[in-house]
DNA sequence: ACAAGTCTTGAGAACGCTCTCAAGATGCGC
DNA sequence: GCGCATCTTGAGAGCGTTCTCAAGACTTGT
């Protein structure tokens, strides 16, 4: 019949240690100007009582809420979840966010917001009012939504924009999209491929443009053409299938495809299978994202690893450590890596003997 | 130069509407006994000002915090995240949790707690003190951790135990593990398989036992043996590979395996490939979890769909709607389904002509 | 029309913490 | 050893809400 133990408050600690509330508060928050001897005494009282300050009360009186809010696209997230496509964005955001937050005594909350809705302002506004987060992390395509960034700026809430280098307020972080696309394309060119296609993401994502740019630049450097080798999808499976079909129909000589998402790469893989093309013998394939899925496809896909977790972790750190007069002019870039698996191989020999 | 707009508080609304704070509070919380006319007046003031109550302040004064805390195993979660194995638990918890919470004006937070640690009490206790959640959702293996359930009971925090039917405090929810294993086994027996093996999960998870039970029962009903056909893994890939090797070495005549996790099934698939066994021609495979991965393996795996999102949603609803004198004697069961894909087929014909 | 309810509204305390500011203790220069 | 600056501690207000409780308005039965 254990009694419901009363909550331990700062007052209890103060009494236990025989000091004022203020002193306990200072010790808890690592404030300066407390004699070591007193500090130890208070700390031991805290330990003895198992005191942990209430987040809500801290938020009420202090200037911080110790909450970082991560915003993701609701529509896309839900679709991916429902269809079990394994977005990985939310997973990776949590991986990077939760751990980094808790390291600094913060908490991370995830909010799903619909970009396409006219209610963005109301939805996000409500979340901000209710939670009063100390910082907000925006992922594409929200990172470039003026409505959202304005709202945050007006409210004076620090925010980080992942996947955006557009000028404006907020900490900007990118994952080296152009460089990654360049790397992937160059790798394919080195393998002897001459017709390297790209299935890009939608135009409203800046990163789609960066990837196209990196691909084009690599092609140009290798003296290869890009005409007719670009298709645009919406990151989803169906759009990837459509794009792959269009690409292979239009370019029978295409031997390599870079897809701007794992789902579209998966679709391309399936389309290749449909057409009797064997990956990687007849067609090489590189995808972006490197979600868990691509390790277990047949063949496992070579992929650009988007360091989402690390980027979010960096964003959290920036937001927490942020000084009011911080300078956000520099764009933080977290490098992506190319993970080579079995979907890439040297280009097939042109007009082989048995042709 | 947009000024930082001052926060809209309940006081502003009260002034705007010309009523007391209390009346606004009643309207906001849908309290009874407010004249419709006044209610409308207040509501319009709320809309006009865009007022949203502060969660922290609500927590401070009221009895509720509007926070539901979902607890997941840290070690396993991190390992899965880092290795990009696609746990899906956290994803699915969020899917079910976030949506259901927000439907009721609640928020969901995810906490990763280490079961194996001696610090469970400290870690979880700190989270509870800081957040003061209105409810906690426990997932395996935490659902059966006495230290944790005791802690919650002592603090008087309602909690739900997913994947546990052990008697004791808390709302209990299961996902029909025994029935699902029975269903999968029966299905394989119907396909003509006579040697149906199982790679079970670790014993400290009750659901491992349930699945074994369902498998045994189905075998008994079909008049099939179970001796030597059981191996135990830890849900991870490596353990699955070990188990599959042991199983196939010991039982060359085994033609079907049920794996208690997608990762172990993936491993079994790989081991079959190593041994020159073709799935499903030579070996049928059914996995538990139905994470995104299994749709894209070659062949796609037949799997038991564990309705995690729905179960968590149910748990959230129970916790929110919970009355103090609630009766938790009934175990809520959310049914799992068998999703048939291409990893199951009729048993190979015994001693075929070309043998 | 009057007593005894019920409905509606509001006033003020309380929640647990940090902020500001003031007072006492301690150190320094001469 | 005195005045001044600095370090250390504490007192009290305030954050935005809901709680309790009381007062006034409105019903109803007779």
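Chains as they are written, first to last, in my numbering: chain Z, 1 to 355; chain R, 356 to 710. Here a beta-carbon is modelled for each residue, glycine too, at the ideal position from N, C-alpha and C.
Residue i to residue j span [Cα, whole Å]
i: residue 100(Z); j: residue 31(Z); result: 22 Å
i: residue 592(R); j: residue 296(Z); result: 12 Å
i: residue 69(Z); j: residue 467(R); result: 17 Å
i: residue 153(Z); j: residue 79(Z); result: 30 Å
i: residue 48(Z); j: residue 374(R); result: 47 Å
i: residue 348(Z); j: residue 255(Z); result: 8 Å
i: residue 361(R); j: residue 401(R); result: 15 Å
i: residue 53(Z); j: residue 579(R); result: 59 Å
i: residue 107(Z); j: residue 594(R); result: 34 Å
i: residue 134(Z); j: residue 242(Z); result: 43 Å
i: residue 688(R); j: residue 590(R); result: 22 Å
i: residue 221(Z); j: residue 253(Z); result: 20 Å
i: residue 536(R); j: residue 572(R); result: 9 Å
i: residue 27(Z); j: residue 56(Z); result: 19 Å
i: residue 183(Z); j: residue 194(Z); result: 15 Å
i: residue 37(Z); j: residue 483(R); result: 30 Å
i: residue 439(R); j: residue 517(R); result: 24 Å
i: residue 39(Z); j: residue 21(Z); result: 13 Å
i: residue 660(R); j: residue 215(Z); result: 40 Å
Top-ranked residue by Cα proximity to residue i, from the options
i: residue 574(R); options: 439(R), 540(R), 553(R) and 590(R); result: 540(R)
i: residue 398(R); options: 494(R), 411(R), 371(R) and 414(R); result: 371(R)
i: residue 686(R); options: 653(R), 471(R), 531(R) and 491(R); result: 531(R)
i: residue 499(R); options: 515(R), 487(R) and 666(R); result: 515(R)
i: residue 65(Z); options: 334(Z), 132(Z) and 39(Z); result: 132(Z)
i: residue 94(Z); options: 26(Z), 268(Z) and 139(Z); result: 139(Z)
i: residue 292(Z); options: 155(Z), 316(Z), 339(Z) and 23(Z); result: 339(Z)
i: residue 700(R); options: 681(R), 551(R) and 588(R); result: 551(R)
i: residue 639(R); options: 570(R), 653(R), 665(R) and 612(R); result: 612(R)
i: residue 200(Z); options: 289(Z), 167(Z), 165(Z) and 128(Z); result: 289(Z)
i: residue 422(R); options: 395(R), 389(R) and 459(R); result: 459(R)
Per-residue DSSP class, three states only, for residue i
i: residue 728(R); result: The shown model of chain R, from 356 to 710, leaves out residue 728(R), and the question about it has no answer.
i: residue 704(R); result: coil
i: residue 320(Z); result: helix
i: residue 291(Z); result: coil
i: residue 699(R); result: coil
i: residue 534(R); result: helix
i: residue 366(R); result: helix
i: residue 312(Z); result: helix
i: residue 606(R); result: coil
i: residue 169(Z); result: coil
i: residue 511(R); result: coil
i: residue 222(Z); result: coil
i: residue 473(R); result: coil
i: residue 338(Z); result: strand
i: residue 259(Z); result: strand
i: residue 19(Z); result: coil
i: residue 52(Z); result: coil
i: residue 455(R); result: helix
i: residue 211(Z); result: helix
Sequence-distant residues of its chain with Cβ nearer than 8 Å to residue i (five each side left out)
i: residue 649(R); result: 617, 620, 621, 642, 655, 656, 658 and 696
i: residue 114(Z); result: 73, 74, 75, 120 and 123
i: residue 328(Z); result: 169, 170, 171 and 172
i: residue 473(R); result: none
i: residue 313(Z); result: 96, 97, 99 and 100
i: residue 307(Z); result: 175, 334, 335, 336 and 337
i: residue 520(R); result: 527, 529, 561 and 686
Cut-off 7 Å between Cβ atoms - residues of its own chain near residue i, not counting five sequence neighbours on either side
i: residue 445(R); result: 427, 432 and 465
i: residue 380(R); result: 365
i: residue 268(Z); result: 199, 240, 244, 257, 259 and 285
i: residue 396(R); result: 372
Close beta carbons around residue i, own chain, < 6 Å, minus the five adjacent residues each side
i: residue 406(R); result: 363 and 368
i: residue 309(Z); result: 92, 95 and 96
query: Do the stretch 577–584 of chain R and the stretch 594–610 of chain R make contact, defined as three or more Cβ pairs closer than 8 Å?
result: yes
query: Does the pairing of the stretch 117–124 of chain Z with the stretch 141–150 of chain Z give three or more beta-carbon distances under 8 Å?
result: yes
- request: Evaluate the contact criterion for the stretch 188–207 of chain Z versus the stretch 311–324 of chain Z: three or more CB pairs, one atom per stretch, below 8 Å.
  value: no
Contact between the stretch 48–68 of chain Z and the stretch 626–636 of chain R (3+ Cβ pairs under 8 Å): no
field: Three-pair Cβ contact test at 8 Å for the stretch 559–571 of chain R versus the stretch 633–641 of chain R
entry: no
field: Any 3 or more C-beta pairs closer than 8 Å across the stretch 367–381 of chain R and the stretch 208–217 of chain Z
entry: no
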